[in-house]
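Here the structure is laid out as structure tokens; the discussion comes afterwards.
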Amino acid sequence: MRDRFRDLEGPLAVRKKDVVLMATVSSFENLSHPTRSELRQFAELFMPLFQASSDEAKRQAVAALSQCENMPAAVALFIGNQPIEIAAPFLAASKAIADDTLITIARMQGAAHVKAIVSRDSLSPKVIDALVALRQSQPRAVGASAPIMESPAVPLSPVPAETNEADALEEQRVANEEALRERILGLAGHLGRADEDRLGLRTLSDIQEALLVRF
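Residue numbers for the sequence shown follow my numbering, so the first one is 83 and each next one is one higher.
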């Protein structure tokens, strides 16, 4: 009988945590200019409540916090590193995430988190450069022998024609990297959100979809 009561208490305890979590988020939303002390208090309350709450409450809390102008850096990093089904709207829409935090999340998490970051309305040059560098570093880590495969015949002595070909290949590689950077920059500058969109969701053009596939 005692075990049955414990089974009933479990879901009830989670629902109570959900209510407290949403009340905490709502109170923070009402602070137009939170002080340093209020930011610290919110961080101390939010993270343990968030971890103890249901997935549905977590998604609701993150969706609400995505609209806040101010956010403790620790909370932004904490939310950004959540599973993508929870973190996506925050990564795509929050204006309270610092560039360094976005870069850290992109490096720590997988392609899904990077796609959410790329879908933001705007990206700073610093973040764009970091994403491009991250993207370019991945193929090298997986297939470091690729350049050797492209040029299997290595002459014992320098040959001008092959040297010119190597220079041309290097120029093409640099051009490809710059083209990728320009595509990300174009996405950041022209991808707008309609007023009726929810949680940062939007319709992507063909070129935007192609860019997201690259990531």
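Note that CB positions come from ideal geometry on N, CA and C, so glycine has one too.
Candidates the options: which alpha carbon is nearest residue i's?
i, options, result
"aspartate 100", "Ser114, Ile210 and Arg141", "Arg141"
"alanine 143", "Arg122, Glu167 and Glu120", "Glu167"
"aspartate 137", "Gln164, Arg189 and Leu216", "Gln164"
"glutamine 191", "Phe172, Asp211, Arg202 and Gly162", "Gly162"
"threonine 183", "Ser109, Leu147, Ala193 and Ile199", "Ile199"
"serine 206", "Lys177, Pro154 and Gln218", "Lys177"
Below 7 Å CB to CB, which residues in the same chain sit around residue i once its five sequence neighbours on both sides are set aside?
i, result
"phenylalanine 160", "Met129"
Along the chain, where does the alpha helix (DSSP H) containing residue i start, and where does it finish?
i, result
"glutamine 123", "118-134"
"aspartate 182", "181-190"
"glutamine 142", "137-147"
Using only the alpha-carbon positions, how far apart do residue i and residue j sit?
i, j, result
"alanine 180", "lysine 208", "11 Å"
"isoleucine 185", "valine 102", "31 Å"
"alanine 257", "serine 114", "46 Å"
"valine 157", "arginine 255", "39 Å"
"glutamate 104", "arginine 97", "According to the sequence shown, residue 104 is methionine rather than glutamate. Approximately 11 Å between the Cα atoms of the pair."
"cysteine 150", "serine 219", "34 Å"
"alanine 139", "serine 108", "13 Å"
"serine 119", "alanine 169", "25 Å"
I'd like to confirm something about residue i: is its beta-carbon nearer than 7 Å to some heavy atom of the ligand FMN, or not?
i, result
"glutamine 164", "Of the ligands one can find in the structure shown there are none, so the ligand FMN has no counterpart to examine."
Please report whether the beta-carbon of residue i lies at a distance below 8 Å from any beta-carbon of chain C.
i, result
"valine 107", "Absent from the structure: chain C. Only one protein chain is present."
Could you name the residues of the same chain whose beta carbon sits closer than 8 Å to that of residue i, not counting the 5 residues immediately before and after it, in chain order?
i, result
"glycine 271", "Low confidence applies here, because glycine 271 scores a pLDDT of 49, under 50, leaving its location unreliable and the question unanswered by this model."
Which residues in the same chain as residue i place their Cβ atom closer than 6 Å to its Cβ, once the five residues preceding and following it in sequence are excluded?
i, result
"phenylalanine 110", "Phe124"
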